[in-house]
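In the numbering used here, the protein residues as written are 37 to 462.
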């Protein structure tokens with residue numbers, strides 16, 4: 037028998053690879069920037085709740101490094117002050133345009149680091165900025181120079197890099213920035229922004245869309261360190277997690293995400309996905325993954341609808357209605373669970389429908405009545421009677437699985453001992 041115990045420790049978090057990246061794997065958050073911008077404005081209280089989840093998830097590990105915030109409105113500045121007063125990770129940082137007045141706002145907020153937006157594709161330079169490449173480069177370099185002179189650490193966000201001229205514009209631009217950084221003595225890193233979700237995670241994909249080649253060019257030809265490279269992707273083609281994972285694996289240290297993947301258009305990379313990937317890649321649980329379950333309550337309170345089949349946090353993520361799966365859960369949960377969901381603070385469960393079969397009834401009874409010898413229920417004729425009545429309900433036109441209350445009401449007819457646990461279903 038082969039259990040592949042190294043890759044699949046029973047009901048623990050799976051491991052992704054035996055050979056781990058040699059660089060640090062870090063996460064930054066932009067829920068209060070791109071997430072808020074792409075959904076709706078959040079109240080100060082909502083911002084604080086989101087920050088509290090991130091801080092609890094980080095658990096003092098330093099894995100979740102920064103949280104980006106706009107400094108533009110009075111509410112933005114109140115939130116920045118409130119988050120700075122926490123004195124915990126992630127570290128609040130700014131996100132601004134390449135303007136001197138925006139740099140001053142960051143300083144006035146007491147922040148020591150900011151993302152500074154620079155557009156690097158000709159689509160943006162020509163159509164949006166209505167500039168030549170030379171004019172755009174000088175505009176950006178002027179703001180970068182001033183920001184460094186103000187003593188700020190800068191993350192230069194290379195907007196729309198996956199439609200840019202890498203060798204004709206991007207790399208010479210980076211060389212200019214590095215020269216200015218060396219001359220001014222300031223700290224600069226680079227945010228690789230796949231603004232339209234056009235990136236591809238495959239090693240054979242060419243520039244500018246191929247994430248592996250893009251990251252390797254920055255490291256091998258520009259001499260950037262892994263900790264200087266941050267990837268920010270969008271999910272327009274369902275590839276955002278794959279692209280973020282490719283960036284990590286090919287040398288970028290930092291993955292820029294939002295909770296639930298909220299953001300412009302189809303959204304950003306879900307932070308909860310990269311938190312799970314972090315545990316799989318590192319082979320250890322540095323993050324407090326139980327905090328992930330709190331995202332559900334906070335986002336529901338904020339009026340967000342979490343799709344039923346959404347991975348990790350959706351209502352159906354660790355639930356089954358299929359009889360063959362339920363039978364497997366009875367025999368050993370590892371058969372049909374990728375990991376024990378209690379690791380992230382969630383239970384696994386079943387629902388009774390025509391497709392849950394007799395196993396659904398047996399599982400439900402064994403759980404409610406704390407029956408360890410569940411196989412004995414297979415010989416109990418009452419299970420068959422309950423099963424037939426359940427089938428009749430659905431044959432009459434019902435389409436939704438039975439609720440806990442409905443299942444209890446049906447099964448109490450045949451198992452009166454369930455009356456003692458009625459309160460558990462209320």
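C-beta: ideal position from N, C-alpha, C; glycine also.
Predicted model, so just to flag it, every value in this text is computed and none were measured.
Over the uninterrupted beta strand (DSSP E) stretch that includes residue i, give me the two end residues.
i           : result
residue 127 : 127-133
residue 101 : 100-105
residue 43  : Residue 43 -> no beta strand (DSSP E), and no H or E assigned at all.
residue 293 : 290-293
residue 144 : First-last for residue 144: 136-144, but that is the alpha helix (DSSP H), not the beta strand (DSSP E).
Grouping DSSP H, G and I as helix and E and B as strand, with all else coil, what is residue i?
i           : result
residue 224 : strand
residue 334 : helix
residue 149 : strand
residue 186 : coil
residue 241 : coil
residue 172 : helix
residue 21  : This structure does not reach residue 21, given that the chain is present from 37 up to 462, and the question cannot be answered.
residue 466 : The shown model of the chain, from 37 to 462, leaves out residue 466, and the question about it has no answer.
residue 322 : coil
residue 279 : helix
residue 193 : strand
residue 59  : coil
residue 122 : helix
residue 317 : helix
residue 65  : strand
residue 79  : coil
residue 97  : coil
residue 460 : Since pLDDT at residue 460 reaches only 47, below the 50 mark, its modelled position is unreliable, and the value read off the structure follows with that caveat. Residue 460: helix per DSSP, three-state reduction.
residue 262 : helix
residue 198 : helix
residue 388 : strand
residue 91  : helix
residue 52  : coil
residue 165 : coil
To which residues of the same chain is residue i closer than 8 angstroms at the C-beta, ignoring the five residues directly before and after it?
i           : result
residue 43  : 50 and 51
residue 445 : none
residue 96  : 124 and 125
At which residues does the alpha helix (DSSP H) containing residue i begin and terminate?
i           : result
residue 359 : 359-367
residue 420 : 417-431
residue 397 : 393-405
residue 251 : 247-256
residue 266 : Residue 266 -> not in any alpha helix (DSSP H); beta strand (DSSP E) instead, spanning 265-269.
residue 443 : 440-448
Leaving out five residues before and five after residue i in sequence, what residues of the same chain have Cβ atoms less than 6 angstroms from its Cβ?
i           : result
residue 352 : 344 and 345
residue 370 : 46 and 47
residue 461 : Confidence in residue 461 is poor, its pLDDT being 47 and thus under 50, which makes the residue's placement unreliable; the coordinate value appears in the next sentence. Excluding positions up to five away in sequence, the list reads 440, 441 and 444.
residue 130 : 107, 142, 147 and 150
residue 299 : 70, 71 and 74
Leaving out five residues before and five after residue i in sequence, what residues of the same chain have Cβ atoms less than 7 angstroms from its Cβ?
i           : result
residue 307 : 63, 65, 293, 294 and 295
residue 187 : none
residue 159 : 196 and 199
For the putative contact between residue i and residue j, defined by C-beta atoms under 8 angstroms, what is the C-beta separation to the nearest angstrom?
i           : j           : result
residue 266 : residue 217 : Between residue 217 and residue 266 the Cβ distance is about 16 angstroms, and since that is not below 8 angstroms, they are no contact.
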